[in-house]
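Below is one structure, written out as structure tokens; the observations come after it.
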Amino acid sequence: NAGVMQNPRHLVRRRGQEARLRCSPVKGHSHVYWYRQLPEEGLKFMVYLQKENIIDESGMPKERFSAEFPKEGPSILRIQQVVRGDSAAYFCASSLFDSGGTTDTQYFGPGTRLTVL
Amino acid sequence: QQQVKQSPQSLIVQKGGISIINCAYENTAFDYFPWYQQFPGKGPALLIAIRPDVSEKKEGRFTISFNKSAKQFSLHIMDSQPGDSATYFCAASKAAGNKLTFGGGTRVLVKP
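Printed below as a string of structure tokens:
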């Protein structure tokens, strides 16, 4: 029973390059969330996606950041023209939406640690 | 309105002691309150969760106490063990499938 998979686990980019982070949710989960964790801080919500739809992107910076969750394949968080302040751990979580309307557990992946030089 | 405040930032407890972490929230629309445990270099793992219709929930050595009127909830770790040394995060969300708002985390160190 594979959990949430994220790759790469570590990513080093130079300022101005693009970072592409991948997340494969738990099998059967159709909801994906991305969170960012700065050193010594809590996790901050970025974006919530269902297959082919962005449901809530209220935590996503307006520029340089984008996310998608295509019909086939993993969810992708893309950061264009990275800056040093983008250095953080990026976590993906997935959940199985309960048709009864109750909030379901979010299962987190191991994270991608992005370092911008 | 979306903030969750967590205290203390760090905690040292002797093996066998009780660790207590407190969280307070502002948004009365929150209706789901999970606690996550995170080890260095790992992702957060769900420990225990509670909804506002109960005041306490216990799973093994971990207990959540919930005070709806005070908008506060806390995690008690009984008989703390060195393996419990980790960072603990409280969180809250409203309605089904919504984003989690996390507290700032508490780093717990259990001394043998």
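Residue numbers (our numbering), protein chains in the order written: chain A, 1 to 117; chain B, 1001 to 1112.
Glycine is no exception: its CB is placed at the ideal position from the N, C-alpha and C atoms.
None of the values given here were measured: they were computed from a predicted structure.
Cβ atoms of residue j and residue i: under 9 Å apart, would you say?
i           : j           : result
Ala-67(A)   : Val-47(A)   : yes
Ala-19(A)   : Leu-117(A)  : no
Lys-1111(B) : Gln-1014(B) : yes
Gln-6(A)    : Pro-70(A)   : no
Arg-64(A)   : Arg-15(A)   : no
Tyr-35(A)   : Lys-27(A)   : no
Gly-1105(B) : Gln-1006(B) : yes
Tyr-90(A)   : His-29(A)   : no
Tyr-33(A)   : Leu-49(A)   : yes
Val-1108(B) : Ile-1077(B) : yes
Ile-1020(B) : Ser-1074(B) : yes
Ala-88(A)   : Pro-39(A)   : yes
Lys-1057(B) : Thr-1063(B) : yes
By the DSSP assignment, the beta strand (DSSP E) with residue i in it spans what residues?
i           : result
Ser-58(A)   : Counting along the chain, Ser-58(A) falls outside any beta strand (DSSP E), and DSSP gives it neither H nor E.
Tyr-1032(B) : First-last for Tyr-1032(B): undefined, no H or E at that position.
Arg-1107(B) : 1106-1111
His-171(A)  : Chain A is shown from 1 up to 117; residue 171(A) falls before or after that span and cannot be answered.
Lys-1005(B) : 1004-1007
Val-1013(B) : 1010-1014
Phe-1039(B) : Element bounds for Phe-1039(B): n/a, residue is neither H nor E.
Can you check DSSP and say which residues form a bridge with residue i?
i           : result
Met-13(A)   : Here residue 13(A) turns out to be Arg, not Met, going by the sequence shown. For Arg-13(A), which the question treats as bridged, DSSP gives the partners Val-116(A).
Arg-78(A)   : Arg-20(A) and Ser-66(A)
Gln-1072(B) : Ala-1024(B) and Asn-1067(B)
Ala-93(A)   : Tyr-33(A) and Phe-108(A)
Asn-53(A)   : Gln-50(A)
Ala-1086(B) : Val-1108(B)
Ile-1048(B) : Trp-1035(B)
Met-5(A)    : Ser-24(A)
Lys-1058(B) : Thr-1063(B)
Meets three-Cβ-pair contact criterion under 8 Å: the stretch 1082-1098 of chain B and the stretch 1028-1043 of chain B: yes
Contact list for the stretch 59-72 of chain A against chain B, Cβ threshold 8 Å: Gly-59
Under 9 Å (Cβ pairs) to chain A, residues found in the stretch 1021-1050 of chain B: Asp-1031, Tyr-1032, Pro-1034, Tyr-1036, Gln-1038, Gly-1041, Lys-1042, Gly-1043, Pro-1044, Ala-1045, Leu-1046 and Ala-1049
The stretch 21-48 of chain A: positions lying closer than 7 Å to chain B by Cβ: His-31, Tyr-33, Glu-41, Gly-42, Leu-43, Phe-45 and Tyr-48
The stretch 1057-1070 of chain B: positions lying closer than 9 Å to chain A by Cβ: none
Touch test, the stretch 1003-1021 of chain B against the stretch 1075-1090 of chain B, Cβ-Cβ under 8 Å, three pairs minimum: yes
Contacting positions in the stretch 1068-1092 of chain B - beta carbon closer than 7 Å to chain A: Phe-1089
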